[in-house]
Amino acid sequence: MRPPGRDGMREKKGPATMRDVAERAGVALTTVSRAFSDPDKLSPATLRRIADASAELHYTVNLSARSLRKRSAGMLLVLLPDIGNPFFSLVLKGIEEGAREGGRVLLIGDTGSDATLADAYAGQLDAGTVDGMILIDGRLPFAPNSPARARLLRAPVVALSERVDDPSIPFVGIDNRAAGREVAHFLADLGHRRLAHIAGPPGNGLTALRAQGFAEGARERGCDVVGVAEGDWSIDSGQAAAAAILSWPQRPTAVFAANDEMAIGAIHAFAAAGVSVPGGMSVVGFDDIDFAAVVSPALTTVRQPRFAMGRAAVDTVTARIEGRTSAERVRILPFQRVVRASAGPPSRG
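323 is the number that the UniProt record's numbering gives to position 323 of the sequence shown; each next residue is one higher, with no gaps.
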């Protein structure tokens, strides 16, 4: 029977482990790990105790194992609310290309705007299964003030398209408010004075910014926004909103929908009601998804640089993964008005 070692710790067969060093030095296992990975965060006295314990136990760092633990997980997590939404196709292409060039693959979490599911996906970042996370749903996972949220705020995370409610999270997107304002100016320049808006779902950050900009632009040009109909980003909701607009006592001559799918739904509803576009009603959308160019009439819209946004988001999250704190925290990319057949001067009739 072997005699116990110092401090009553029984000697054992085989090489010493990091846990043995922690016990011998009287510190936590995580403190020993930090001594080898990030020693600047420990006091000289603590480092000396760990060094002495390591020498007494003949402990050497397993460089191969450390390399495996510190090596990139090789994966980025992308959280989005609806993978079926065509807006995300080019965004994901940009993210995928940027990730692939950086030697990473994607884990895509389709949350359906379910907070519990988003938290479950985000746990992969907390567990080290992924290197970083790109949020495209405007919501930070985990409850505010929770330990998991606190860890998330220190992790490599970037918000794409829609800002989140914490300014410490970097953002990549466009100026949605300015884009909404420009749509109102464009319609006013065509001669429209009575405008309507089909908004996105209430409580959504993009909904608010586009609606605010549109209202501001209308006021600046002396136009009236005679009403706002709510949608949920879908074609069906655009159809329902357009039908409601046609029932208003003061009918507008132009409609701005907060995304292309709702605009396409509105065009279909107006056509079904015998209202020509753009002769009887001009329609403008937002995003410039692929279908915008092939719907009849082709949709005038605001083009977001979706592929470039995806690439920029990867660049931003990679900078955080690599600890480059000097990288831009907010990247605003330019949008572009795309004029097609769905918008024109108001009818003189």
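Glycine included, C-beta positions come from ideal geometry on N, C-alpha and C.
For E230, the enclosing beta strand (DSSP E) covers residues D224 to E230. Considering only G238, L77, Q212 and V295, the residue with the shortest C-alpha distance to A127 is L77. The segment 272-282 and the segment 216-223 do not touch, with fewer than 3 CB-CB distances between them shorter than 8 Å. At least 8 Å separates the beta-carbon of G231 from that of A254. Cβ atoms of A257 and G238 come within 8 Å of each other, at about 6 Å. As summarised for the segment 102-183, the continuous alpha helix (DSSP H) elements at least 4 residues long and confined to that stretch are 115-126 and 147-154, given in chain order. Secondary structure of S89 (DSSP, three-state): helix.
Its Cα nearest to that of D82, the residue L92 stands out among A73, G74, M75 and L92.
Taking C-beta separations shorter than 7 Å and ignoring five residues to either side along the sequence, the partners of V130 in its chain run A73, M75, L76, L77, L107 and Q124, following chain order. With a cutoff of 8 Å on beta-carbon distance, A341 and A272 are scored as not near each other. In this structure, D290 is the residue among D189, L79 and D290 with its C-alpha nearest to the C-alpha of S89. At the C-beta level, A53 and R19 stay beyond 8 Å of one another. Across the set L333, T316 and I332, the C-alpha of T316 shows the shortest separation from the C-alpha of T325. Taking 8 Å as the cut-off, the Cβ atoms of L135 and V164 count as close. Comparing alpha carbon positions, the residue from C223, R221, D175 and R194 closest to A208 is D175. Of the residues assessed, S282 falls on the buried side of the cut-off, its CB having 16 or more other CB atoms within 10 angstroms.
At the C-beta level, P141 and D166 stay beyond 8 Å of one another. Distances from the CA of H192 to each of V338, V225 and I245 were compared; the closest alpha carbon is that of V225.
Comparing C-alpha distances from G112 to each of G102, G84, L42 and E96 shows the shortest one belongs to G84. Here V302 has A179, E182, V183, V284, G285, F286, D287, D288, F335, Q336, R337 and V338 as same chain residues with Cβ atoms under 8 Å from its own Cβ, once five neighbours each way along the sequence are excluded. Distance from the CA of N145 to the CA of L153, rounded to the nearest whole angstrom, comes to 11 Å. Taking all protein chains in view, the Cβ of E162 is crowded by 16 or more other Cβ atoms within 10 Å, so the residue is classified as buried. Along the length of the segment 20-56, whole alpha helix (DSSP H) runs at least 4 residues long occupy 29-37 and 44-56, reported in chain order. Judged by DSSP in its simplified three-state form, D287 adopts strand. One Cα belongs to A155, the other to A143, and the distance between them is close to 16 Å.
Annotation for L190: A254, S282, A343, G344, P345 and P346 place their beta carbon closer than 8 Å to its own, counting only its chain and skipping 5 residues before and after. The Cβ atoms of Y121 and L160 lie no closer than 8 Å to each other. The DSSP-derived three-state label of L299 is coil. Between the alpha carbons of C223 and F186 lies a distance of about 11 Å.
As DSSP reads the structure, R194 sits in a beta bridge with D224.
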